[in-house]
Structure formats: structure tokens, C-alpha cells
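Residue numbers for the sequence shown follow our numbering, beginning at 43 and rising by one. Glycine residues also receive a C-beta, built at the ideal position from the N, C-alpha and C atoms.
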Amino acid sequence: MVAKKALESCRASGFQVSVAVVDGGGNLQVVLRDNLAGVSSPDGAILKAKTSINYRSATTSLSEVVNSNIEASGIKQLPGILILGGGVTIQASGSMVGAVGVAGAPDGKSDEKCALDGIEAIQELLEFAD
């Protein structure tokens, strides 16, 4: 449901994207790709979701840290990491239960907005978990 809502949010903004959702352990749960989304966008969405859950942070925030700290910049060299905006963690009952990754919009902020819209659409379900 979160992936579908994120995809719909991007569509409403005129963007064709891919969306991936991982669970709290980083295991892939779903990938959706819009018809005209870029060929590599599913891979980007998966990497953003996994990076977000791995570092317990939105990839936009992580990007700011990595780009402003020479020691942290080495993270960009690790395999399976994509530090571009569009990866957002999913919280429920005070725990990180998963992450959403969106790739294919013109910029990371747009990808992130779609991911946040997807999470917002299921917020009531997440609160029910409390």
C-alpha cells in the first residue's frame, strides 16, 4: 500500500518512478515501476530503501552528513549504498519497521516527497500498531 501511494503521488506530480519497500531487516518486500520510469530506477529505489534502513536515516539527511564530512564521505564507496534523496524510514510504535525508496523523479527532493506521501497515506495503520 505504501509503495502504491508513493507511486501515485509521483504520478500526480507528473513523474514516472519506481518505488521499493524493505522491512526492518532490509529485506525487499515490494518493487513497483511505472510504465515509463527509467530502466535503472528500480535498482535505485531498492538501494535508497536499503541505505535508509541500514543507516536509520533519510538518505537526504545522510547525503548532507556525507558531503560535509570528509571522514564520512567514504560511505559513498561501499557497495550497495546509494546516498541520493528518496530513501525514507518507516516508523511504528517508536520502532523503525522498514523503509521506502523512490527513484526516477527529476531530483532527490521530489523522490523523497513521494516516499513521505506514501508513508503519510498509511500513517493511521502505523499508529494502530501502537
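Do residue i and residue j have their C-beta atoms within less than 8 Å of each other?
{"i": "Gly-86", "j": "Ala-145", "result": "yes"}
{"i": "Gly-150", "j": "Thr-93", "result": "no"}
{"i": "Leu-78", "j": "Ser-60", "result": "no"}
{"i": "Ile-178", "j": "Leu-104", "result": "Summary: the structure shown does not reach residue 178, with the chain confined to residues 43 through 172, and so no result is reported for it."}
{"i": "Gly-68", "j": "Ile-95", "result": "yes"}
{"i": "Gly-80", "j": "Val-139", "result": "no"}
Which class does residue i belong to by DSSP, given the choice of helix, strand or coil?
{"i": "Ser-94", "result": "helix"}
{"i": "Ser-137", "result": "strand"}
{"i": "Ile-132", "result": "strand"}
{"i": "Gly-146", "result": "coil"}
{"i": "Asn-111", "result": "coil"}
{"i": "Ile-161", "result": "helix"}
{"i": "Pro-84", "result": "helix"}
{"i": "Ile-123", "result": "coil"}
{"i": "Leu-104", "result": "helix"}
{"i": "Ser-99", "result": "coil"}
Quick check on the DSSP output: the beta strand (DSSP E) that includes residue i runs from which residue to which?
{"i": "Ala-62", "result": "60-65"}
{"i": "Leu-74", "result": "70-75"}
Using a 10 Å radius around the Cβ and a threshold of 16 neighbouring Cβ atoms, would you call residue i buried or exposed?
{"i": "Gly-122", "result": "exposed"}
{"i": "Ser-83", "result": "buried"}
{"i": "Ser-115", "result": "exposed"}
{"i": "Ser-137", "result": "exposed"}
{"i": "Lys-118", "result": "exposed"}
Note the first and the last residue of the continuous alpha helix (DSSP H) segment covering residue i.
{"i": "Leu-49", "result": "44-54"}
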